[in-house]
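**Q**
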DNA sequence: ATTATTATTGCAATCTGGTGCAATAAAGAT
DNA sequence: ATCTTTATTGCACCAGATTGCAATAATAAT
């Protein structure tokens, strides 16, 4: 679990609270909401404060251990393994799907050429309808 | 101002509060924050409640009169004229930039072919660094 | 013009996410 | 094993956004 060494390298401490949160995110390959993380931590240690959880999530994001994004109204987190930062989220069933980073490279290049704008693909979530849900209606 | 007729058609009422908000959004071509909308309405009628404003914005979004999106931590609204739904938001200065819808069409088509996922381009905001801000650092 | 209907509003309370600060505890030094 | 340093936590509080409900007011019917 390399996140622990990342923390230690930077002089950050590996606390019970951080282990609870990190392990939970690593055990869940899907996107998870802040709410579900809070629930999980509270189910094991109810006395852990929610502000600690939010601060831990911010810290993990700053150190590239998790990715944080907004999907509709909710804040969503997922673990940060290489090559898995790009997500599609279905507006109907809520499931997430990965896509190949290369798909967006031409867009990135074109926007840099024409507008000089450098988009950050790591934090990009695209919403829509997945295959199954499209067939339902 | 077709939004008024949209409301009337659906049996929704055109109230002072809704006129204030609609007119303000129509007069502003840029993205505007919920905060600036609240400030504007309060500058004319301080007694209007903020929950009314949020509810009105949700209603206008549901009826396709405005678009609502998240940029970083803020909620952002803009009027819904055809061909202006696609935005880049700079993470440093907060300015917004439009881009041509066509840029993303190949991506949309590819994802539909390979994954069957139908992305909704209307609500897509991409974050990054604009030309000016890139040059600053 | 007045009345009846019901969509809309204001209010109070709530929820999510975030902040300053004093108390606490992890990890290194002794 | 104990002490010291200071990163981290819990607490209390705050801001933005949201909701249930009773009061209000926009529109249709008379």
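Chains as they are written, first to last, in this note's numbering: chain A, 1 to 137; chain B, 1001 to 1137.
Where is the CB? At the ideal position from N, CA and C, for every residue including glycine.
Note that the structure is a prediction, hence the values are computed from the model and not measured.
What three-state label does DSSP hand residue 1099 of chain B in the structure shown?
**A** Of the three classes helix, strand and coil, the one that applies to residue 1099 of chain B here is coil, per DSSP.
**Q** Which residues of chain A have a Cβ atom closer than 7 Å to the Cβ of residue 1099 of chain B, listed in chain order?
**A** Near residue 1099 of chain B (Cβ distances below 7 Å), the residues of chain A are 111, 115.
**Q** Which bits of chain A does residue 1134 of chain B rub up against, with CB to CB less than 8 Å?
**A** Ordered by position in chain A, the residues that pass the 8 Å Cβ test against residue 1134 of chain B are 116, 118.
**Q** Starting from the Cα of residue 117 of chain A, find the closest Cα among B:1108, B:1021, B:1104, B:1089 and give me that residue.
**A** When only C-alpha atoms are compared, the closest one is B:1089.
**Q** Could you tell me which chain B residues have their CB closer than 8 Å to the CB of residue 131 of chain A, listed as they occur along the chain?
**A** Per Cβ cutoff of 8 Å: 1115, 1116, 1117.
**Q** What does the alpha-carbon distance come out to for the pair residue 67 of chain A and residue 27 of chain A?
**A** Cα to Cα, residue 67 of chain A sits roughly 15 Å from residue 27 of chain A.
**Q** Report back the beta-carbon spacing between residue 1017 of chain B and residue 1056 of chain B to the nearest angstrom; my notes put them in contact at under 8 Å.
**A** Yes, residue 1017 of chain B and residue 1056 of chain B are in contact; Cβ-Cβ is about 6 Å, under 8 Å.
**Q** Against chain B, with Cβ distances strictly below 8 Å, would residue 107 of chain A count as a contact?
**A** So yes, residue 107 of chain A belongs to the interface.
**Q** Quick one, which of B:1043, B:1012, B:1035 has its alpha-carbon nearest residue 1051 of chain B's?
**A** Looking at the Cα atoms, B:1035 is the closest of the given residues.
**Q** Is it right to say residue 1029 of chain B is buried, meaning 16 or more other beta carbons lie within 10 angstroms of its own, or is it exposed?
**A** The residue in question, residue 1029 of chain B, is exposed, as its Cβ has fewer than 16 Cβ neighbours within 10 Å.
**Q** Return no unless some Cβ of chain B is closer than 8 Å to the Cβ of residue 88 of chain A.
**A** At least one chain B Cβ lies under 8 Å of residue 88 of chain A.
**Q** Should residue 39 of chain A go down as buried or exposed, given a rule of 16 or more other Cβ atoms within 10 Å for buried?
**A** Result: exposed.
**Q** Find the residues of chain B that neighbour residue 124 of chain A, judging by a C-beta separation of less than 7 Å, and give them in chain order.
**A** What residue 124 of chain A touches in chain B: 1126.
**Q** Since residue 103 of chain A meets chain B, which of its residues come closer than 8 Å, beta carbon to beta carbon?
**A** By Cβ distance, chain B contributes 1107, 1110, 1111.
**Q** If you draw a straight line from the C-alpha of residue 53 of chain A to the C-alpha of residue 79 of chain A, how long is it?
**A** So the two alpha carbons sit approximately 15 Å from each other.
**Q** List the residues that DSSP assigns as beta-bridge partners of residue 33 of chain A.
**A** BP columns for residue 33 of chain A point to A:76.
**Q** Near residue 1111 of chain B, which residues of its chain fall below 7 Å by C-beta distance, leaving aside the five closest residues on each side in sequence?
**A** Within the same chain, residue 1111 of chain B has close Cβ partners 1117, 1119.
**Q** Looking only at its chain, what residues have a beta carbon closer than 7 Å to the beta carbon of residue 125 of chain A, apart from the 5 residues adjacent to it on each side?
**A** Correct list, in chain order: 69, 71, 87, 89.
**Q** Let's see if you can read the secondary structure: which residues bound the beta strand (DSSP E) around residue 1014 of chain B?
**A** Counting along the chain, residue 1014 of chain B falls outside any beta strand (DSSP E), and DSSP gives it neither H nor E.
**Q** Can you check whether the CB of residue 97 of chain A is closer than 8 Å to the CB of residue 133 of chain A?
**A** Against a cut-off of 8 Å, the Cβ pair of residue 97 of chain A and residue 133 of chain A comes out as no contact.
**Q** Just list the residues that DSSP pairs residue 68 of chain A with in beta bridges.
**A** Residue 68 of chain A pairs with A:77.
**Q** If we ignore side chains and look at the alpha-carbon of each, how far apart do residue 1121 of chain B and residue 1006 of chain B end up?
**A** Each residue's alpha carbon lies about 23 Å from the other.
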